[in-house]
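In our numbering, the protein residues as written are 6 to 434. The beta carbon of each residue, even a glycine, is placed where N, CA and C say it ideally should be.
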């Protein structure tokens, strides 16, 4: 006995109506290869096409799904048969699988936009150009996801039942995750707009189109956390609105699921607090970004020794290899000539240390170019001692700050792993 399937039934209906596969395909706006696959049971039509096909051949959706006409004594308005329901579940599962696969296209567009933005910012120092090029990808991702979402929801228009409700919720949840991921990636590119603010370096204003943006670790973490929180809140708000409008059925959770939700919220809040505390400690240990606080300076208890140190000509050096001030003066090249008389830089550059009233306490020629800056002591002690900080000291301070940050990167990782392990251990299965 030949097995009754939707494909064989569809083929019989088409032949009985005198249509070719191509003619049916034209009426359904699909390819004739798609019709051929349906009739061979190698695939099934989209759920949205079932009512259209049923109307074309004058049968009910249930008859089409179960692959045979209703018995003579069956009522037209009777409920779907088990076979029809099984076929309907199969179509819903296939439609959901196609929707999830197409969501990956939107996710790929979003990730591509993020990579483009970061590449232009980091490699080419074109933060603004990278942001706007990345925004094109994000807009494309939103458009692709919106089209797929509308198509999936249209397929179950005016359909009812538990399976349909489960399908609708799964589609909405999938769209929420896709939109949420796109939002987080897009929000991570928003700091690139800081390039709109021109940067002045050594008296020169850099072009807005030629600036790259760099964030500290804690700043990047704050941007990511803000994006995640706003994304989660937006998803919760949208879902509540959909339930209120009865587009989605209220989600019924078991007691174990509610306990797991509370545990997840508590763990997440505790993790955020721990990360915030660790970040504050790390920032405090590195001087809140001012590495000068970590530098070890050279102290002078009187102004005369400070003046002698500053007058010793030492050329500036970098990368922490500044040489100590030489005992004998190094030869200088003339800066310019005035009436055939050489004028040296040290003869034109001078500096002063003044008290709070503007009185000059010390005047010196700044020839020691390894010195980055200096600090005076308290007023009660006559503004002594004077502490001098060299390029070498600043380089060592930067290395110290880098080592501290590396240690705290490990602390952050341990906190995240500990929070995840705690949640997985305590949650109810």
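Asked	Found
Can you tell me which residues form a DSSP beta bridge with residue 373?	319
For residue 379, list the residues DSSP reports as bridge partners.	393
Quick check: what's the CA-CA separation for residue 247 versus residue 180?	13 angstroms
How many angstroms separate the CA atom of residue 219 from the CA atom of residue 380?	29 angstroms
Indicate whether residue 40 and residue 104 have their beta-carbon atoms separated by less than 8 angstroms.	no
Nearest CA to the CA of residue 65: which residue from 11, 115 and 34?	11
Less than 8 angstroms between the beta carbons of residue 373 and residue 317, yes or no?	yes
Can you check whether the CB of residue 18 is closer than 8 angstroms to the CB of residue 44?	no
So, is residue 307 buried or exposed, given that buried needs 16 or more other C-beta atoms within 10 angstroms?	exposed
With the cut-off set at 8 angstroms, would you say residue 195 and residue 133 are in Cβ contact?	no
Helix, strand or coil: how does DSSP classify residue 58 here?	helix
Count the CB pairs spanning the region 104-121 and the region 138-147 that are closer than 8 angstroms, and state whether there are at least three.	yes
Which residue marks the beginning of the beta strand (DSSP E) containing residue 356, and which one marks its end?	355-359
Evaluate contact between the region 144-164 and the region 108-116, counting only Cβ atoms and requiring at least three cross-stretch pairs below 8 angstroms.	yes
Any idea which residues DSSP pairs residue 285 with across the strands?	According to DSSP, residue 285 bridges with nothing at all.
Tell me the residue span of the beta strand (DSSP E) that contains residue 304.	303-305
Buried or exposed for residue 106, going by 16 or more other Cβ atoms inside 10 Å?	exposed
Taking its Cβ as the centre, do 16 or more other Cβ atoms sit within 10 Å of residue 100, making it buried, or is it exposed?	buried
Measure from the alpha carbon of residue 256 to the alpha carbon of each residue in 173, 235, 184 and 268, then state which is nearest.	173
Exposed or buried, residue 433, counting other C-beta atoms within 10 Å across all chains shown (16 or more means buried)?	exposed
Got a sec? Which residues, its chain only, sit under 6 angstroms from residue 279 by beta carbon, not counting five neighbours each side?	420
Taking the beta carbon of residue 414 as the centre, do at least 16 other beta carbons fall within 10 Å, making it buried, or is it exposed?	exposed
Do residue 169 and residue 193 count as a contact pair if the criterion is CB distance below 8 angstroms?	no
Could you tell me the distance, in whole angstroms, from the CA atom of residue 324 to the CA atom of residue 238?	Here the model assigns residue 324 a pLDDT of 45, short of 50, so the residue's position is not dependable, and the following value carries that caveat. In a straight line, the C-alpha of residue 324 is about 47 angstroms away from that of residue 238.
Given a threshold of 16 other Cβ atoms within 10 Å of its Cβ, counted over all protein chains shown, does residue 315 qualify as buried or as exposed?	buried
Considering residue 32, what are the terminal residues of the alpha helix (DSSP H) in which it resides?	26-33
Ordered along the chain, which non-local residues of its own chain (more than five positions away) have a Cβ less than 6 angstroms from that of residue 365?	357 and 359
Does residue 220 come out as helix, strand or coil in the three-state DSSP assignment?	coil
In three-state DSSP terms, what is residue 335?	In this prediction, residue 335 has a pLDDT of 43, which is less than 50 and means its spatial position is unreliable; what the coordinates show is noted afterwards. It is coil, neither helix nor strand.
Less than 8 angstroms between the CB atoms is what I'm expecting for residue 410 and residue 287, so what's the real figure, rounded?	6 angstroms
Rounded to whole angstroms, what is the Cα-Cα separation between residue 297 and residue 363?	25 angstroms
Where does residue 386 land, buried or exposed, given buried means 16+ other C-beta within 10 angstroms?	exposed
Taking its Cβ as the centre, do 16 or more other Cβ atoms sit within 10 Å of residue 396, making it buried, or is it exposed?	buried
Following the continuous alpha helix (DSSP H) through residue 21, name the residue where it begins and the one where it ends.	11-21
Kindly identify the DSSP beta-bridge partner or partners of residue 368.	357
Grab me the residues of residue 131's own chain with a C-beta within less than 6 angstroms of its C-beta, minus the 5 sequence neighbours each way, in chain order.	125
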